[in-house]
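If you want this note's numbering, it's the 1-based position in the sequence shown plus 1.
Glycine included, C-beta positions come from ideal geometry on N, C-alpha and C.
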Amino acid sequence: RDHGSFDLKVENVDIKIDLKLGSDASGKPTIDTSDCTTRISKVRVHFSGKFGWLYNLFYGAVEPPFRRSLEREVCETVVQSVRRDLQPYLQTLPVTARIDAMAGIDYSLVAPPTATAQSLDAELKPPDPARMVYFGASSYFFNPAGFAYHAAGALVFEITDSMIPKGVVFHLNTSSFSAFIPQLEKIYPDMLMKLRLSAPSAPFLSIGPGGLSLRPVVDIQAYAIPPNSRL
2 RDHGSFDLKV
12 ENVDIKIDLK
22 LGSDASGKPT
32 IDTSDCTTRI
42 SKVRVHFSGK
52 FGWLYNLFYG
62 AVEPPFRRSL
72 EREVCETVVQ
82 SVRRDLQPYL
92 QTLPVTARID
102 AMAGIDYSLV
112 APPTATAQSL
122 DAELKPPDPA
132 RMVYFGASSY
142 FFNPAGFAYH
152 AAGALVFEIT
162 DSMIPKGVVF
172 HLNTSSFSAF
182 IPQLEKIYPD
192 MLMKLRLSAP
202 SAPFLSIGPG
212 GLSLRPVVDI
222 QAYAIPPNSR
232 L
């Protein structure tokens with residue numbers, strides 16, 4: 002038996018890692034190692050101590066086991082790091098973004114990412130390697146937003162005379178609207194008005210080769226504002 006120390010020098014370390022990308026039930030990305038290989042071209046070992054000179058004579062027999070052990074340890078460390086550090090980090094990535102108190106965007110994955118020689122695709126990028134990042138949005142992206150705002154009662158707007166810019170000649174009162182409804186000024190003389198715009202159904206947007214087509218259904222109600230009485 003003996004004890005002592007040695008110096009270890011590793012030359013030309015080549016590591017190849019194959020990562021497997023996927024998605025879980027919540028649409029978050031997942032990652033794991035499907036293959037790992039490490040190649041070390043040379044390992045130099047120099048023993049020290051009282052009998053170091055003797056052990057150094059057997060360097061040729063010691064070097065291969067050292068090299069194989071190091072190659073195995075490197076890959077085991079890489080696999081553990083991916084599972085212990087990288088995969089838990091991906092689970093913390095958000096897949097939704099809140100726009101306001103009533104709506105948000107869900108950008109969770111619907112399929113695992115696809116890796117090619119030129120890119121990493123998440124089914125959003127057309128096959129054109131000239132661009133680095135693409136963002137695609139269909140009519141479905143906008144229509145659920147309209148439905149969400151309609152269901153939340155947010156597609157209701159009220160317009161009053163105070164909202165009209167001061168430089169505009171037109172005012173929101175019965176005198177201005179008497180050009181369209183003559184009897185209005187007779188029934189409600191010189192009174193301010195309020196318009197209430199609401200959507201009885203969610204607006205529908207379609208995207209086609211010819212461009213965008215928006216078909217909103219708007220209900221407009223006009224109110225006279227008498228002093229000290231109901232609209």
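Spell out the partners DSSP gives residue i in its beta bridges.
| i | result |
| --- | --- |
| Gln222 | Arg197 |
| Asp36 | Asp19 |
| Pro66 | Looking at the DSSP assignment, Pro66 forms no beta bridge with any residue, so it has no partner. |
| Pro114 | Note: Pro114 sits in no beta bridge, so no partner. |
| Asp122 | Thr115 |
| Ser24 | Pro30 |
Does DSSP put residue i in a helix, in a strand, or in coil?
| i | result |
| --- | --- |
| Arg99 | strand |
| Leu87 | helix |
| Arg45 | strand |
| Asp3 | coil |
| Asn13 | strand |
| Ser230 | coil |
| Asp8 | strand |
| Thr78 | helix |
| Ser140 | helix |
| Gly105 | strand |
| Leu94 | coil |
| Leu58 | coil |
| Arg73 | helix |
| Phe52 | coil |
| Arg132 | coil |
Would you kindly check if the distance between the Cβ of residue j and the Cβ of residue i is under 8 angstroms?
| i | j | result |
| --- | --- | --- |
| Ile32 | Val14 | no |
| Arg68 | Val44 | yes |
| Val218 | Ser230 | no |
| Met194 | Ala225 | yes |
| Leu232 | Leu196 | no |
| Ser24 | Pro113 | yes |
| Gly50 | Leu110 | no |
| Ser52 | Asp86 | Correcting the residue identity first, residue 52 is Phe in this sequence and not Ser. Against a cut-off of 8 angstroms, the Cβ pair of Asp86 and Phe52 comes out as no contact. |
| Met103 | Tyr141 | no |
| Ser120 | Ile208 | no |
| Lys21 | Thr38 | no |
| Phe7 | Phe48 | yes |
| Leu215 | Pro204 | yes |
Kindly give me the distance between the Cβ atoms of residue i and residue j, rounded to whole angstroms, as I take these residues to be in contact under 8 angstroms.
| i | j | result |
| --- | --- | --- |
| Pro228 | Tyr189 | So it is not a contact: roughly 11 angstroms between Cβ atoms. |
| Leu198 | Phe143 | The pair is not a contact, with the Cβ atoms about 19 angstroms apart (cut-off 8 angstroms). |
| Val75 | Glu64 | The Cβ separation is near 17 angstroms, so there is no contact. |
| Pro30 | Leu91 | 5 angstroms |
| Glu186 | Thr175 | 5 angstroms |
| Phe171 | Ser177 | 6 angstroms |
| Ala200 | Leu156 | 4 angstroms |
| Ala116 | Gly105 | Not a contact, Cβ separation roughly 29 angstroms. |
Is residue i near the ligand GTP, with its Cβ less than 7 angstroms from a heavy atom?
| i | result |
| --- | --- |
| Val44 | As far as ligands go, the structure on display features none, and thus does not contain the ligand GTP. |
Segments of 3+ residues assigned as beta strand (DSSP E) that fall wholly inside the region 142-216:
As for any beta strand (DSSP E) of minimum length 3 sitting wholly inside the region 142-216, the runs are 157-161, 194-199, 205-209, 212-216, ordered along the chain.
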